[in-house]
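2 protein chains.
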Amino acid sequence: MCELLGMSANVPTDICFSFTGLMQRGGNTGPHRDGWGITFYEGKGFRTFKDPNPSCQSKIAELVQNYPIKSRAVISHIRQANRGGVNLENTHPFTRELWGRYWTFAHNGQLTDYQELSLGRFRPVGQTDSELAFCWLMTQLEQRYPEPPQDMMGMFRFLAECCDTLKEKGVFNMLLSDGEYVMTYCTNHLYWITRRAPFGKASLIDEDVTINFQEETTPNDVVSVVATQPLTDNEAWHRMKPSEYGLFHFGELIDGNADQLVDAPFAAMKVASQAPSGSLD
Amino acid sequence: MCELLGMSANVPTDICFSFTGLMQRGGNTGPHRDGWGITFYEGKGFRTFKDPNPSCQSKIAELVQNYPIKSRAVISHIRQANRGGVNLENTHPFTRELWGRYWTFAHNGQLTDYQELSLGRFRPVGQTDSELAFCWLMTQLEQRYPEPPQDMMGMFRFLAECCDTLKEKGVFNMLLSDGEYVMTYCTNHLYWITRRAPFGKASLIDEDVTINFQEETTPNDVVSVVATQPLTDNEAWHRMKPSEYGLFHFGELIDGNADQLVDAPFAAMKVASQAPSGSLD
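Here is the structure:
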């Protein structure tokens, strides 16, 4: 499967540590050789770095690892292709503008019968099920809210209902951000952790790197990281449940439906088995 | 004023040489210290590198200069801010999706009364007159062509008429691309050159760099470069006239209205003088 990485923070924070771990899975400790991308929001603007080449060999990935870009919302993805060829237009994350905001999306999973999804003015450029699902979500959002909603939490809950529909078509783990909020939806593989004072040390699973967050942070920093698999081996990551939706705002998990869900690993396995193993995008 | 750089080629070509010259104008040989950006199309996909920091000091600009990304359509911009603060959301180029294609835009100039332009579903994220004008152009395009037009040349001629309207509001030199075509519109400062066999040597104005294109190309390569100021001092650049529109396709200038226009340097100067000198974005 592909891998997702997201970050939400209350102060501009660099993601070099987590990104370093993720990039190793792009052809080194992981099989995701079919491209990678990362989007950093800075204010209302964003920068996306992407490459259809394996991240473990990418000069651009090397720059991103060594050049700390500080952001309060980040979405990243490394790809193992299933739907759509290995090229730039099929490389996540994808971005569209709605209501004068940039929306960025990355997906892990594989959908069937996604061609039935009716699209409006948002149209995919590439051939992935992921980008088509994103365009469908944006269409639902604009049809429901022609103007920017006041109740942002209600808007994200509406999006979570749309994700419930997509989940019926296969595996749909996703990250979505408008630069202020980071929304997560889980079908089977999504973990999160919130780091805050007192900060400790963390060591990467995929590379022999340890970081002492106490040296990198101030006492008021709150940073949440979301990933399809835990990135560190000495911290307690929360596993999200099937159909679980989460909403992060400036580092804090501010909304979600975890309490309403029963832990259902078997259901999760069943959904996962709908797609060829090892080929989930 | 800011500076624009565009490229259209019949084979994937890197723009390192021209970009190296342009970047020097970002705070070194030129005063454009307020950010820079470059968009490379690869197939239907694109990569944008941008930075609100001066290009002559930018680590990312350094990567782009040394890492040859081959493209058939490129749009680049270095900024000297007038409308809108110095930040990422105000950094050109800007991109939007229409008809399942990514459209990328960069502007040199300054508009007045641009707030009167009525917008549809394309909305600016930042505060520049440039992004607002781009959103207005995209709105005009979608209203006129709800579906992708068959007659692309007619569509670009329609866009040129829209640019005539924008020109009435000030200085509007621009580059626009969908990844296949590169469209240019000139108010006062825009030059172009087409390089083809037999290729010769070229030397940059802004840095002591000479290139022998014969060593870099094959006999069938055709590459056109467009810029607000010539980048080399030993080649014959064509100066575009006020209200001149040009359309490049895979390296060749395939359409334009130059023959219908009188050369009007005084008119150009008059238009230029509408905006404070040295502050054209």
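Line by line, the protein sequences are chains S and G. Position 100 (the first sequence) corresponds to 100 in full-length UniProt numbering; numbering is contiguous. Position 130 (the second sequence) corresponds to 130 in full-length UniProt numbering; numbering is contiguous. Ideal Cβ positions, reconstructed from N, Cα and C, are used throughout, including at glycine.
Any beta carbon from chain S within less than 8 Å of residue i's own beta carbon?
i	result
phenylalanine 46 (chain G)	yes
leucine 88 (chain G)	yes
lysine 270 (chain G)	Residue confidence is low: lysine 270 (chain G) scores 42 on pLDDT, short of 50, so the model does not pin down where it sits. Its coordinate-derived value is still stated next. Output row for lysine 270 (chain G): interface = no.
alanine 133 (chain G)	no
tryptophan 36 (chain G)	no
alanine 9 (chain G)	no
lysine 169 (chain G)	no
lysine 241 (chain G)	no
glycine 43 (chain G)	yes
lysine 97 (chain G)	The identity of residue 97 (chain G) in the sequence shown is glutamate, whereas the question assumes lysine. Chain S, which has a Cβ nearer than 8 Å to the Cβ of glutamate 97 (chain G), makes this yes.
lysine 59 (chain G)	yes
threonine 91 (chain G)	yes
arginine 121 (chain G)	yes
Just to check my reading of the structure: residue i and residue j have Cβ atoms closer than 8 Å, yes? What is that Cβ distance to the nearest angstrom?
i	j	result
serine 58 (chain S)	tryptophan 36 (chain S)	7 Å
alanine 202 (chain G)	threonine 194 (chain G)	Their Cβ separation, rounded to whole angstroms, is 13 Å, which puts alanine 202 (chain G) and threonine 194 (chain G) out of contact at 8 Å.
leucine 175 (chain S)	alanine 106 (chain S)	5 Å
alanine 9 (chain S)	phenylalanine 250 (chain S)	7 Å
leucine 4 (chain S)	histidine 77 (chain S)	6 Å
aspartate 255 (chain S)	methionine 153 (chain S)	5 Å
serine 177 (chain G)	threonine 104 (chain G)	5 Å
arginine 25 (chain G)	aspartate 164 (chain G)	So it is not a contact: roughly 29 Å between Cβ atoms.
asparagine 108 (chain G)	asparagine 173 (chain G)	4 Å
leucine 204 (chain S)	threonine 232 (chain S)	6 Å
alanine 197 (chain S)	proline 230 (chain S)	Rounded, the Cβ-Cβ distance is 21 Å, inconsistent with contact.
Do residue j and residue i come within 8 Å of each other at the CB atom, strictly closer than that value?
i	j	result
arginine 83 (chain G)	glutamine 110 (chain G)	yes
arginine 96 (chain G)	glycine 179 (chain G)	no
threonine 39 (chain S)	proline 124 (chain S)	no
methionine 7 (chain S)	valine 222 (chain S)	no
leucine 190 (chain S)	valine 225 (chain S)	no
glycine 126 (chain G)	lysine 44 (chain S)	yes
alanine 61 (chain G)	tyrosine 41 (chain G)	no
isoleucine 69 (chain G)	arginine 47 (chain G)	yes
arginine 22 (chain G)	leucine 63 (chain S)	Looking at the sequence itself, residue 22 (chain G) is leucine, so the reference to arginine does not match. Result no, Cβ atoms of leucine 22 (chain G) and leucine 63 (chain S) do not sit closer than 8 Å.
leucine 98 (chain S)	glutamate 131 (chain S)	no
According to DSSP, simplified to helix, strand and coil, what is residue i?
i	result
lysine 169 (chain G)	coil
alanine 275 (chain S)	Confidence in alanine 275 (chain S) is poor, its pLDDT being 40 and thus under 50, which makes the residue's placement too unreliable to answer from.
tryptophan 99 (chain G)	coil
glutamate 235 (chain G)	coil
residue 310 (chain G)	The shown model of chain G, from 1 to 281, leaves out residue 310 (chain G), and the question about it has no answer.
arginine 83 (chain G)	coil
phenylalanine 156 (chain G)	helix
residue 304 (chain S)	Outside the modelled stretch of chain S, which goes from 1 to 281, sits residue 304 (chain S), for which no answer is possible.
valine 209 (chain S)	coil
glutamate 147 (chain G)	coil
asparagine 10 (chain G)	strand
glycine 45 (chain S)	strand
serine 18 (chain G)	helix
valine 74 (chain G)	strand
serine 130 (chain S)	helix
alanine 227 (chain S)	strand
leucine 5 (chain S)	strand
valine 125 (chain S)	coil
alanine 258 (chain G)	helix
aspartate 164 (chain G)	helix
Please tell me whether residue i has its Cβ less than 8 Å away from any Cβ of chain G.
i	result
proline 124 (chain S)	yes
leucine 63 (chain S)	yes
aspartate 281 (chain S)	At aspartate 281 (chain S), the pLDDT of 43 sits below 50, so the modelled position is not reliable and the matter cannot be decided from this model.
proline 12 (chain S)	no
lysine 50 (chain S)	yes
arginine 79 (chain S)	no
isoleucine 15 (chain S)	no
lysine 70 (chain S)	no
threonine 39 (chain S)	no
arginine 101 (chain S)	yes
residue 314 (chain S)	Residue 314 (chain S) lies beyond the stretch modelled for chain S, which goes from 1 to 281, so this question has no answer here.
arginine 33 (chain S)	no
### Query
Below 8 Å, can you find three or more Cβ-Cβ pairs linking the stretch 35 to 52 of chain G to the stretch 86 to 99 of chain G?
Enough Cβ pairs lie closer than 8 Å, so yes.
### Query
Do the stretch 179 to 187 of chain S and the stretch 132 to 141 of chain S touch if we need at least three Cβ pairs shorter than 8 Å?
In short, these stretches do not touch, since the Cβ pair count stays below three.
### Query
Is it a yes or a no for the stretch 117 to 127 of chain G touching the stretch 26 to 46 of chain G, going by three-plus beta-carbon pairs under 8 Å?
The stretch 117 to 127 of chain G, when compared against the stretch 26 to 46 of chain G, does not touch it at the 8 Å Cβ threshold.
### Task
Tell me, please, whether the stretch 158 to 168 of chain S touches the stretch 243 to 263 of chain S by the rule of three or more beta-carbon pairs shorter than 8 Å.
With a cut-off of 8 Å on Cβ pairs, the stretch 158 to 168 of chain S is in contact with the stretch 243 to 263 of chain S, counting three or more such pairs.
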